[in-house]
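Participant: Below: one structure in structure tokens.
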Amino acid sequence: MCGALRASDSGKKAVLMGWVNRRRDLGNLIFVDLRDRSGVTQVVFNEERDAAIHEKASGLRNEYVIAVTGRVKQRDPNTVNKNIPTGEVELVAEEIRLLNESKQPPFLPGDTALTNEETRLKYRYIDLRRDVMQFNIEMRHKVALAIRNYLAGQGFFEIETPFMTRSTPEGARDYLVPSRVQPGTFYALPQSPQLFKQILMISGFDKYFQIVRCFRDEDLRADRQPEFTQIDLEMSYPQPERVWEVVEGFLAAAFKAAGHDIKVPFPRMDYDEAIRLYGIDKPDLRLPAFADVRDCFTAENLQELAINPNLPVIAIRTPRVGELSRKERDDIKPMFHAKGEAKLFEDFKRVGNKFPAAAAEIAKKAGMDESDLVVLVSGSALAGPQTALPAHRKVTPQELAIYASAGLLRLALAQKYADRHGIFAKTGDPGKDFRFVWVTNFPMFEWDEADKRWNAAHHPFTSPHEEDMPKLETGVELVSDPQSALSAVRALAYDVVLNGTELGSGSIRIHRQDVQRRIFRALGMTEEEARSRFGFFLEALEYGTPPHGGIALGLDRIVMILAGAESLREVIPFPKTARAVDLMVDAPTPVGERQLRELGIVVKK
RNA sequence: GGGGACGUAGUUCAGUUGGUUAGAACGCUGCCCUGUCACGGCAGAGGCCGCGGGUUCGAGUCCCGUCGUCCCCGCCA
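Taking the numbering used here, I'd label the letters of the first sequence as residues 5 to 609.
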């Protein structure tokens, strides 16, 4: 291989095959850097030694594929290239075979400036020859392999589930596959193998996993592709802690494969706590948490500032931002998008001028350093007192609006001043670079204001907390009431979060069909609807279902973080554009009339 | 569905207030060069300024539309 030769190989005969990465023609002396996935080796063609071969070498061009036979030679000390691992040797060519020519490529794998993504995606096979892409794809392989090995070692079976399955209109839009044999009917590609893996538990395969493609027909983002890969697993009889232990185990193995030693177990945090401290259910622990500084103000202060005394006042601290100009402080305002009654004091200094005592308290409570930026988010007094009683929920909807607005601003500020606080820069210390956290005890239901009904926050197969079952029972009578006890039902659901990215999401599932029916009912589904959508599953639950639970993690996102990439497209060999198009193969395309007729499909123009 | 950025040579970019023949670097072609490694030197080729329309004596530049790529919101149980 082109990256393998070392000084210890000098004198040996070697055959190297690869691409011409670069040619340096000095006249009677030609150097060719020969590249394959393992690296680059310099090949020398000397006219004095062999005029015929030298003549052949002068015809070589970038990206030609050649085979060179020659003798490995230790380089003179003054000609060693310290920048590459093979820099101490070179191959003195004795024979060369041109395996294939290349047209002039639109860009070269060795180019320093990155070509625009449209061209890269169209000529993906050239783009993938670049070092970075070779590295990312290799790392993806190693990470997946480490996970497979770990889970297999823990007694998990990798079991395949169908790609052509049944459409379940819950959740994301399905990709549909028309049936030719039964015109007018469609398979759906799985959004996840959720029901199959639960049925595998019912079938007695008590530890299942799969590294599996999933499909969701939703709009794309830098971290969202229509087809993506999940590390999906399920086990029988687990407590949540057992699932977490397995995930921590394979993540440790995966990060090890990428060269990082992470610490397990990961810290854990209640959903409500995450909201109160970070304003989001996927907190980035690298950044400081909120401080609730309401009690730093006197009642008169709050009134003068038109702050609602019943709602939290949140101090967002962004470290080491330094002195801001008037304009810079003004620029913060448009970064704030108020939900509910949230309002912003972007200029902490002005608050300090008016209320020095309160400001001093706040600085202390928020752990503020001289150079830190602090902004305050509070509830507007204009909104009046709270309407909902917070009795059965730690965070009320009004509070959530404040926390969530503050959470988004916190991230926007951290992003904007990333260069100044330097927190996102890699330190090489996995304890600082990779801040994992389990977020647990999600609410079971979320109120859908548009449809005036409750939705499953995770998915409808998630088990509620045993101790919240009575609330489910009373709540299920009030399925169209946003104040219903359903809002207080907690789910045995958990997310694993890394640096503010949700890596995976799982739960302990419902294994009793009476509970499952009740959940469907709480979601506003009639008995008939539930049966027509999930009848096969409800039936399966009736035949001796063991308690079970599991989780699914996004492999692409894990590799993306490990690669330090800004987009999933950097870790997926053949990704799609924001409009879900594959620019290389040019898909999707219209199909012929005949193909459509066979499928019984008429396309509306 | 909505908002924003971008589109000029094969590639990365520059292009002034609307004004003569649209530039640079890399790449490409040819010639020279025996220790280069992002080799160097000389010469040269290469442009539907995304596409369509409009304003104007005159448009790469201004306006409208459209297509494409990227980012964000909605959406993603």
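C-beta: ideal position from N, C-alpha, C; glycine also. Note that the structure is predicted; figures quoted are calculated from it, not measured.
Could you pull the start and end residues of the alpha helix (DSSP H) that N32 belongs to?
Facilitator: Here residue 32 is taken as the residue at index 28 of the first sequence, counted from 1. Unbroken run through N32: none, as it is neither H nor E.
Participant: Please list the terminal residues of the continuous beta strand (DSSP E) segment that includes M239.
Facilitator: Residue 239 sits at position 235 when you count from the first residue of the first sequence. From DSSP, the beta strand (DSSP E) with M239 extends over E231 to S240.
Participant: Let me know the secondary structure DSSP gives H552 once reduced to three states.
Facilitator: Walking along the first sequence from the start, residue 552 turns up at place 548. H552: strand per DSSP, three-state reduction.
Participant: If Y498 sits next to S484, beta carbons under 8 Å apart, how far is it from one beta carbon to the other, in whole angstroms?
Facilitator: Residue mapping note: residue 498 aligns to position 494 of the first sequence, counting from 1. Residue mapping note: residue 484 aligns to position 480 of the first sequence, counting from 1. Not really, about 29 Å apart at Cβ, beyond 8 Å.
Participant: Looking at the structure shown, is S6 part of a helix, part of a strand, or coil, going by DSSP?
Facilitator: Numbered from 1 along the first sequence, position 2 holds the residue referred to as residue 6. With the sequence shown as reference, residue 6 is identified as Cys, and Ser is not the correct amino acid for it. In this structure, C6 counts as coil in the three-state DSSP scheme.
Participant: Could you tell me the alpha carbon to alpha carbon distance between R457 and F449, rounded to whole angstroms?
Facilitator: Counting from one through the first sequence, the residue named residue 457 turns up at place 453. Counting from one through the first sequence, the residue named residue 449 turns up at place 445. One C-alpha to the other measures close to 10 Å.
Participant: For the segment 331 to 355, which segments carrying the beta strand (DSSP E) assignment without a break, of at least 3 residues, lie completely within its bounds, in sequence order?
Facilitator: For the segment 331 to 355, whole beta strand (DSSP E) runs of length 3 or above, ordered along the chain, are 346 to 349.
Participant: Kindly list the residues whose CB is nearer than 6 Å to the CB of A416, restricted to its own chain and excluding five residues on each side of it in sequence; keep chain order.
Facilitator: Against the first sequence, residue 416 aligns to sequence position 412. Here the set comprises M339.
Participant: By the 10 Å Cβ neighbour count, where 16 or more other Cβ atoms means buried, how is Y547 classified, buried or exposed?
Facilitator: As a working mapping, residue 547 is identified with position 543 in the first sequence. Y547 comes out exposed.
Participant: Using a 10 Å radius around the Cβ and a threshold of 16 neighbouring Cβ atoms, would you call Y154 buried or exposed?
Facilitator: Walking along the first sequence from the start, residue 154 turns up at place 150. Counting Cβ neighbours within 10 Å, Y154 comes out buried, since at least 16 surround it.
Participant: Does the separation of the CB atoms of L566 and V147 fall below 9 Å?
Facilitator: Within the first sequence, the letter at position 562 stands for residue 566. Within the first sequence, the letter at position 143 stands for residue 147. Yes.
Participant: Could you tell me whether the segment 116 to 133 touches the segment 577 to 588, where touching means 3 or more Cβ pairs closer than 8 Å?
Facilitator: Enough Cβ pairs lie closer than 8 Å, so yes.
Participant: Counting only the same chain and skipping the five closest in sequence on each side, list residues whose C-beta sits under 8 Å from that of I318.
Facilitator: On the first sequence, residue 318 is found 314 positions in, with the first residue counted as 1. Result list for I318: G283, F294, A295, D296, V297, L380, V381, S382, I406, Y407 and A410, in chain order.
Participant: Express the C-alpha separation of A257 and Q46 in angstroms, rounding to a whole number.
Facilitator: Translated into the one-based positions of the first sequence, residue 46 becomes position 42. Translated into the one-based positions of the first sequence, residue 257 becomes position 253. Taking the straight line joining both Cα atoms gives about 36 Å.
Participant: Looking at the unbroken alpha helix (DSSP H) that takes in Y129, where does it start and where does it end?
Facilitator: Here residue 129 refers to the residue found at position 125 when the first sequence is read from its first residue. Y129 -> alpha helix (DSSP H) spans R128 to D131.
Participant: Measure the alpha-carbon distance for S529 versus Q520 and round it to whole angstroms.
Facilitator: As a position in the first sequence, residue 529 is number 525, starting the count at 1. As a position in the first sequence, residue 520 is number 516, starting the count at 1. It should be noted that the sequence gives Met, not Ser, for residue 529. Their Cα atoms are separated by approximately 11 Å.
Participant: Looking at C-alpha atoms only, which residue of N445, S491, L193 and Q487 is the closest neighbour of H469?
Facilitator: Sequence index remark: in the first sequence, residue 469 carries index 465 (1-based). Comparing Cα-Cα distances from H469 to each of N445, S491, L193 and Q487, the minimum goes to N445.
Participant: In whole angstroms, what separates the C-alpha of S467 from that of R333?
Facilitator: Mapped onto the first sequence, residue 467 falls at position 463. Mapped onto the first sequence, residue 333 falls at position 329. Taking the straight line from one Cα to the other gives about 47 Å.
Participant: Any idea what DSSP makes of D485, helix, strand or coil?
Facilitator: The sequence position of residue 485 within the first sequence is 481, counting from 1. In the structure shown, D485 sits in coil (DSSP, three-state: anything other than H, G, I, E or B).
Participant: Kindly indicate the opening and closing residues of the beta strand (DSSP E) around M273.
Facilitator: Taking the first residue of the first sequence as 1, we reach residue 273 at position 269. It spans R272 to D274 - the beta strand (DSSP E) in which M273 sits, taken as one unbroken run.
Participant: What residue range does the beta strand (DSSP E) around F440 cover?
Facilitator: Counted from its first residue, the first sequence places residue 440 at position 436. F440 to T444 is the extent of the beta strand (DSSP E) around F440.
Participant: Should G479 be labelled buried (16 or more other beta-carbon atoms within 10 Å of its own) or exposed?
Facilitator: The sequence position of residue 479 within the first sequence is 475, counting from 1. Buried, because 16 or more other Cβ atoms sit within 10 Å of the Cβ of G479.
Participant: Does the segment 136 to 143 come close enough to the segment 212 to 225 to have 3 or more Cβ pairs within less than 8 Å?
Facilitator: No, because fewer than three Cβ pairs between the segment 136 to 143 and the segment 212 to 225 fall closer than 8 Å, the two stretches do not touch.
Participant: Quick one: what does DSSP say S536 is sitting in, helix, strand or coil?
Facilitator: Position 532 of the first sequence, counted from the start, is the residue given in the question as residue 536. Helix, per DSSP.
Participant: Based on the DSSP output, what are the partners of T45 in its beta bridges?
Facilitator: Mapped onto the first sequence, residue 45 falls at position 41. Its beta-bridge partners are L38.
Participant: Would you call M473 buried or exposed, if buried means 16 or more other Cβ atoms sit within 10 Å of its Cβ?
Facilitator: Taking the first residue of the first sequence as position 1, residue 473 is located at position 469. With fewer than 16 Cβ atoms within 10 Å of its Cβ, M473 is classed as exposed.
Participant: Within 10 Å of its beta-carbon, does V268 have 16 or more other beta-carbons around it, so buried, or fewer, so exposed?
Facilitator: The count along the first sequence starts at 1 and reaches residue 268 at position 264. So V268 ends up on the exposed side.
Participant: When you compare each of E238, T116 and L180 to F161 by their alpha carbons, which one comes out closest?
Facilitator: The count along the first sequence starts at 1 and reaches residue 161 at position 157. Nearest of E238, T116 and L180 to F161, Cα basis: E238.
Participant: Using a Cβ-Cβ cut-off of 8 Å (strictly less than) and excluding sequence neighbours within five positions of R177, which residues of its own chain qualify?
Facilitator: On the first sequence, position 173 is the one that residue 177 refers to. Closer than 8 Å at Cβ, skipping near neighbours: R220, D221 and E222.
Participant: Do D236 and A556 have their beta-carbon atoms positioned less than 9 Å apart in this structure?
Facilitator: Mapped onto the first sequence, residue 556 falls at position 552. Mapped onto the first sequence, residue 236 falls at position 232. Result yes, Cβ atoms of A556 and D236 sit closer than 9 Å.
Participant: Could you check what DSSP says for P287 in three-state terms: helix, strand or coil?
Facilitator: Here residue 287 is taken as the residue at index 283 of the first sequence, counted from 1. Three-state DSSP puts P287 in coil, outside helix and strand.
Participant: Quick check on K211: buried or exposed, where buried means 16 or more other Cβ atoms within 10 Å of its Cβ?
Facilitator: If you number the first sequence from 1, residue 211 lands on position 207. Buried, because 16 or more other Cβ atoms sit within 10 Å of the Cβ of K211.
Participant: With DSSP as the reference, label G411 as helix, strand or coil.
Facilitator: Taking the first residue of the first sequence as 1, we reach residue 411 at position 407. Reduced to three states, the DSSP call for G411 is helix.
Participant: Going along the chain, which residues of its own chain have a beta-carbon closer than 6 Å to the beta-carbon of L199, five neighbours each way excluded?
Facilitator: The count along the first sequence starts at 1 and reaches residue 199 at position 195. So the list reads F541, once near-sequence residues are dropped.
Participant: Decide if the segment 9 to 20 is in contact with the segment 87 to 97; the criterion is three or more beta carbon pairs, one per stretch, under 8 Å apart.
Facilitator: Segments in contact, yes.
Participant: What alpha helix (DSSP H) runs, 4 residues minimum, are completely inside the segment 107 to 187?
Facilitator: Whole alpha helix (DSSP H) segments, 4+ residues: 121 to 126, 128 to 131 and 135 to 157.
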